[in-house]
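Participant: Please read through the structure below; I'll follow up with questions.
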Amino acid sequence: MKNRSLVSINDFTKSEILKIVELAAQFEANPNQDLLKHKIVASLFFEPSTRTRLSFETAINRLGGRVVGFMDASSSSTTKGESLKDTIKMVSNYADLIVMRHPLEGSARYASEQSSVPIVNAGDGANQHPTQTLLDLYSIKKTQGTLENLNIFMVGDLKYGRTVHSLLQAMSHFNPVFNFISPEELRMPDEYKFWLDSMGIKYYEHSEFTDIISRADILYMTRVQRERFVDPIEYEKVKDVYILNNAMLDNTKDNLRILHPLPRVNEIDVDVDNNPKAYYFEQAENGVYARMAVMSSILGLV
Amino acid sequence: MSEKKELSVSAIEEGTVIDHIPADCLFKVISILGLDNCGNLITFGTNLGSQRYGKKAIIKVADKFFEDEDLNRIALVAPYARLNIIKDYEVVEKKHVTVPQEIVGIAKCFNPQCITNNENITTHFSLVNANVLALKCHYCEKITTEEHLKIL
Chain Z
1 MKNRSLVSIN
11 DFTKSEILKI
21 VELAAQFEAN
31 PNQDLLKHKI
41 VASLFFEPST
51 RTRLSFETAI
61 NRLGGRVVGF
71 MDASSSSTTK
81 GESLKDTIKM
91 VSNYADLIVM
101 RHPLEGSARY
111 ASEQSSVPIV
121 NAGDGANQHP
131 TQTLLDLYSI
141 KKTQGTLENL
151 NIFMVGDLKY
161 GRTVHSLLQA
171 MSHFNPVFNF
181 ISPEELRMPD
191 EYKFWLDSMG
201 IKYYEHSEFT
211 DIISRADILY
221 MTRVQRERFV
231 DPIEYEKVKD
241 VYILNNAMLD
251 NTKDNLRILH
261 PLPRVNEIDV
271 DVDNNPKAYY
281 FEQAENGVYA
291 RMAVMSSILG
301 LV
Chain C
1 MSEKKELSVS
11 AIEEGTVIDH
21 IPADCLFKVI
31 SILGLDNCGN
41 LITFGTNLGS
51 QRYGKKAIIK
61 VADKFFEDED
71 LNRIALVAPY
81 ARLNIIKDYE
91 VVEKKHVTVP
101 QEIVGIAKCF
111 NPQCITNNEN
121 ITTHFSLVNA
131 NVLALKCHYC
141 EKITTEEHLK
151 IL
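In structure tokens, the structure reads:
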């Protein structure tokens, strides 16, 4: 992993993913270390994403590193018409590592080709967000004790949700069974289903969110957004169907944990928050340890 | 009585003849091969009769022999093109084009949110399926199919 950029979850092999998960556990046990002392990390957020930025910056600070950068494109030379290439070439002269969030898809791959230092993709449009996937994997491993042979339910916007696509790709190393629950309009795209077929991985599709979740080990919730629907009447029909409430968890497995990439709007009722199966806030905390693991691995410090 | 044969485009002594180009792709092929900036003698004909296309185009480039890799670049727009290598007015070799595994700087990514459609970046695809032409963008990872394919 040393000196390699992390653009897509597919850039990491199974053993590299497991190494990150193992390291994340070590960082959680001992979160304040000086591994990044004398290192400068550039945090380039061409669009605002407070949660992801704070998670990365917390990880850098916990490792004793220093951060330079900007929080949105309006405070960068992009407003003067500077190209992404020029920004990256300049910043890679200053920093040891670049964390980049950009609204355009493919920007992280392009940046990694222009940069003289590794790039960590903190989200490139609807394409990839690999550290989110690594924190999801760490959360699954922590709560289930394993990543192997799990029954994973994904609920909500499976068409546009990049987190479910990346998680699906990463979990394919571990013999999962998937259940996809979504409105017709937001079903898992064919390209991912063809890919699962080619890998021999089982999946089932449902349009109703019912007691089938009694079989789940992981329930991965996502938002169903109004703007994704061509017909607003269709949204009105489904908007309440995909809301998880506490009563729905009565007959679920003891080991079930509910994940959500956050922010939540109304797809998980607040009455779920105190259920021991709710795990989304701890999941967000796990992001700090997963990002500590990624950055220290890429810089060859562990 | 023998059928009278006429050449629609004059013969060349040495060089390459690219035949069976769809008529509406002639200028795309010229552009892809960089023939618009080539100093060699070039003759072309278009809207010639063709059983396959109805109308086809043909290009003859004198004293030029292309690398296969260069010729294969035209496969996206002229998948059935035939190449005749001419020496001393005789066809000494015939070739077909095949879609290359990597396609650089020829096609446009269909995804408007792709970085290649927003900054001055050379496009780069890998071939996912040659039968129902599907190209995966090296940058945004989206698949551009034949239906949405645009040549730059």
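If you're matching them up, the sequences are chains Z and C in order.
All residue numbers for the first sequence refer to the working numbering, where the first residue is 1 and numbers rise by one.
All residue numbers for the second sequence refer to the working numbering, where the first residue is 1 and numbers rise by one.
For each residue, glycine too, the CB sits at the ideal point set by N, CA and C.
1) Specify the secondary structure class of Arg187(Z) as computed by DSSP and reduced to three states.
2) According to DSSP, is Met90(Z) helix, strand or coil?
3) Just how far apart, CA to CA, sit Lys56(C) and Ser126(C)?
4) Look up Phe46(Z) in the DSSP assignment and say whether it is helix, strand or coil.
5) Threshold first: 4 residues or longer. Then list the alpha helix (DSSP H) segments lying entirely within the stretch 91–140 of chain Z, N to C.
6) Considering just the uninterrupted stretch of the alpha helix (DSSP H) at Tyr280(Z), what are its terminal residues?
7) Find the residues of chain C that neighbour Leu84(Z), judging by a C-beta separation of less than 8 Å, and give them in chain order.
8) Roughly how many angstroms separate the alpha carbons of Ala321(Z) and Leu137(Z), rounded to a whole number?
9) Could you tell me if Phe180(Z) is buried or exposed, where buried requires 16 or more neighbouring beta carbons within 10 angstroms of its beta carbon?
10) Counting contacts by CB-CB distance shorter than 8 Å, is Asn127(Z) in contact with chain C?
11) Which residues does DSSP pair with Cys25(C) in a beta bridge?
12) Count the other C-beta atoms from every protein chain shown that fall within 10 angstroms of the C-beta of Glu13(C), then say buried if there are 16 or more, exposed otherwise.
13) For Val234(Z), tell me which candidate among Ser182(Z), Ile60(Z), His102(Z) has the shortest Cα-Cα distance.
14) Based on Cα-Cα distance, which residue from Ile119(Z), Lys159(Z), Glu227(Z), Ser214(Z) lies nearest to Asn3(Z)?
15) Name the chain C residues whose beta carbon is nearer than 7 Å to that of Ser107(Z)?
16) Do you know offhand how far Thr46(C)'s Cα is from Leu76(C)'s?
17) For Glu227(Z), decide whether its Cβ has a neighbour in chain C, counting only Cβ atoms nearer than 8 Å.
18) Could you run through the stretch 118–150 of chain C and flag, in chain order, every residue whose CB is less than 8 Å away from some CB of chain Z?
19) Residues bridged to Ser126(C) by DSSP?
20) Measuring alpha carbon to alpha carbon, tell me which of Tyr160(Z), Leu23(Z), Met1(Z) ends up nearest Val288(Z).
21) Name the chain C residues that come within less than 7 Å of Tyr192(Z), Cβ to Cβ?
22) On the three-pair Cβ rule with 8 Å, is the stretch 34–49 of chain Z touching the stretch 154–173 of chain Z?
23) Any idea what DSSP makes of Arg226(Z), helix, strand or coil?
24) Output needed in chain order: residues of the stretch 90–116 of chain Z with a Cβ under 7 Å from some Cβ in chain C.
25) Going by Cα to Cα distance, which pick from Val302(Z), Ser8(Z), Phe229(Z) is closest to Asp124(Z)?
26) Considering only heavy atoms of the ligand COA, does any lie closer than 7 Å to the CB of Asn245(Z)?
27) Determine, using beta carbons only, whether Asn37(C) comes closer than 8 Å to chain Z.
28) Three or more C-beta pairs under 8 Å: does that hold for the stretch 191–209 of chain Z against the stretch 219–231 of chain Z?
29) Going by C-alpha to C-alpha distance, which of Ala216(Z), Ser139(Z), Gly300(Z), Thr252(Z) sits closest to Pro261(Z)?
30) If you follow the beta strand (DSSP E) that His206(Z) is part of, which residue opens it and which one closes it?
31) May I ask you to report which of helix, strand or coil DSSP gives Met1(C)?
32) Quickly, what does DSSP pair Ile212(Z) with across the bridge? List them, please.
33) Could you pull out every residue in the same chain whose Cβ sits closer than 8 Å to the Cβ of Met199(Z), ignoring the five residues on either side in sequence?
34) Does Met1(C) get closer than 8 Å to chain Z when you measure Cβ to Cβ?
35) Name the chain Z residues whose beta carbon is nearer than 9 Å to that of Asn84(C)?
Facilitator: This is what the structure gives:
1) Of the three classes helix, strand and coil, the one that applies to Arg187(Z) here is coil, per DSSP.
2) Met90(Z): helix per DSSP, three-state reduction.
3) Computed Cα separation, rounded: 28 Å.
4) Three-state DSSP puts Phe46(Z) in coil, outside helix and strand.
5) Every alpha helix (DSSP H) of 4 residues or more that sits fully in the stretch 91–140 of chain Z is shown, in chain order, as 107–114.
6) Under the DSSP assignment, Tyr280(Z) falls in the alpha helix (DSSP H) whose first and last residues are 280–298.
7) Simply Ile115, Glu119.
8) No answer is possible for residue 321(Z): the residues shown for chain Z start at 1 and end at 302.
9) Classification for Phe180(Z): buried.
10) So, interface residue.
11) As far as DSSP is concerned, Cys25(C) takes part in no beta bridge.
12) So Glu13(C) ends up on the exposed side.
13) The question names Val, yet the displayed sequence has Glu at residue 234(Z). Checked all of Ser182(Z), Ile60(Z), His102(Z); the closest Cα to Glu234(Z) is Ser182(Z).
14) Among Ile119(Z), Lys159(Z), Glu227(Z), Ser214(Z), the Cα nearest to that of Asn3(Z) is on Ile119(Z).
15) The contacting residues are Ile115.
16) In a straight line, the C-alpha of Thr46(C) is about 19 Å away from that of Leu76(C).
17) For Glu227(Z), the nearest beta carbon of chain C is not closer than 8 Å to its own beta carbon.
18) Residues Asn118, Glu119, Asn120, Ile121, Cys137, His138, Tyr139, Cys140, Glu141, Lys142, Ile143.
19) DSSP output for Ser126(C) lists Glu102(C), Lys136(C) as bridge partner(s).
20) The option with the nearest alpha carbon to Val288(Z) is Leu23(Z).
21) Ordered by position in chain C, no residue passes the 7 Å Cβ test against Tyr192(Z), which lies about 11 Å from the chain.
22) Taking 8 Å as the limit for Cβ pairs, the verdict is that the stretch 154–173 of chain Z does not touch the stretch 34–49 of chain Z.
23) DSSP, read as helix, strand or coil, puts Arg226(Z) in helix.
24) Within the stretch 90–116 of chain Z, the residues whose Cβ lies closer than 7 Å to some Cβ of chain C are Leu104, Glu105, Gly106, Ser107, Arg109, Tyr110, listed in chain order.
25) When each option's Cα is compared against that of Asp124(Z), the closest is Ser8(Z).
26) Looking at this structure, you won't find the ligand COA or any other ligand, since it has none at all.
27) At a cut-off of 8 Å between C-beta atoms, Asn37(C) does not count as an interface residue with respect to chain Z.
28) By the criterion of at least three beta-carbon pairs nearer than 8 Å, the stretch 191–209 of chain Z is not in contact with the stretch 219–231 of chain Z.
29) Ranking Ala216(Z), Ser139(Z), Gly300(Z), Thr252(Z) by Cα distance to Pro261(Z) puts Ser139(Z) first.
30) In the DSSP assignment, His206(Z) falls within the unbroken beta strand (DSSP E) covering 203–206.
31) Confidence is the limiting factor: at Met1(C) the pLDDT is only 47, short of 50, which leaves the residue's position unreliable and the question unanswerable from this model.
32) Note: Ile212(Z) sits in no beta bridge, so no partner.
33) Excluding its 5 nearest sequence neighbours in each direction, Met199(Z) has C-beta neighbours in its own chain below 8 Å: Ser172, listed in chain order.
34) Confidence in Met1(C) is poor, its pLDDT being 47 and thus under 50, which makes the residue's placement unreliable; the coordinate value appears in the next sentence. Not closer than 8 Å to any Cβ of chain Z, the Cβ of Met1(C) fails to qualify, so no.
35) Those within 9 Å of Asn84(C) in chain Z number zero; the least Cβ separation is about 39 Å.
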